[in-house]
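Numbering (our numbering), first residue to last: 886 to 1128.
Think of the CB as a built atom: it goes at the ideal place given N, C-alpha and C, for glycine as much as any other residue.
First comes the structure, then the notes that go with it.
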Ligand SMILES: [Zn+2]
């Protein structure tokens, strides 16, 4: 059985990417790629981080925590370059955070730029959201993006999950699934099979363990869960998989 995945073809005009996937756990959002066989990892890279990404696939964005003093014009030209790369399959993480110190207007401006790059590059948006669900949903209604917005590290209750899902977004779940009676666990159970992803973010836990936990919580076989997430990747990212 093949344990590698590789990019077969990419066409920057009409964004299309063919990937061979074999027995793959898909880690939608990680800051620490393991580069292990059989795992498809999307490395999160943000402007100003000064980090060379190591995973073959990545998401690039302007993180709300790291905006002050960066010079938005420089950041935009970096994002413009990065967004066009075939290895970049998503924009983000980007979003709004009411707990961090970054001025709100600056956060909104940077978020708007990321949405624009997501739309112009035709790549989904991975969202960092802290206590700003109403604001982000309102902006989505206003801006009417064509790309899918995915709220990563989702750990809110089923009412919030329902609002986000009604707005047409997807959810990505991670380490919070392991907390007893966590909101994340109840929201994962209530999320339709075609609307979620899994991730490790910066947690010191394997994506396989997160898949096993998610399968347990949803009451499905691991294999079935793998198929769900692969199907979601294919559909949302318009990636053809050869399984
Ligand atoms: Zn992250």
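In the three-state scheme derived from DSSP, where H, G and I count as helix and E and B as strand, residue 1015 is classed as strand. In chain order, the residues with a C-beta atom nearer than 7 Å to some heavy atom of ligand 1 are 914, 916, 929, 978, 1013, 1037, 1038, 1086 and 1087. If you draw a straight line from the Cα of residue 944 to the Cα of residue 960, it comes to about 15 Å. Distance from the Cα of residue 1007 is smallest, within the candidate group 1063, 971, 1066 and 1106, for 971. Residue 1102 and residue 1040 have their C-alpha atoms roughly 14 Å apart. Inter-segment contact for the region 1025 to 1033 and the region 985 to 1005 is present: three or more beta-carbon pairs are separated by less than 8 Å.
The closest CA to that of residue 1082, considering only 1124, 973 and 1037, is found on 1037. A check of alpha carbon separations from residue 1015 across 949, 927 and 912 identifies 949 as the nearest. Measuring C-alpha to C-alpha distances from residue 1100 to each of 1063, 1121 and 1123 identifies 1063 as the nearest. If you draw a straight line from the Cα of residue 941 to the Cα of residue 1054, it comes to about 25 Å. Non-local C-beta neighbours of residue 1045 in its own chain, meaning closer than 6 Å and more than five positions away in sequence, comprise 1018, ordered along the chain. A direct Cα-Cα distance of roughly 13 Å separates residue 1087 from residue 978.
For residue 1057, the secondary structure class from DSSP, reduced to helix, strand or coil, is strand. Under the DSSP definition of a beta bridge, residue 1072 lacks any partner. The three-state secondary structure of residue 1086, taken from DSSP, is strand.
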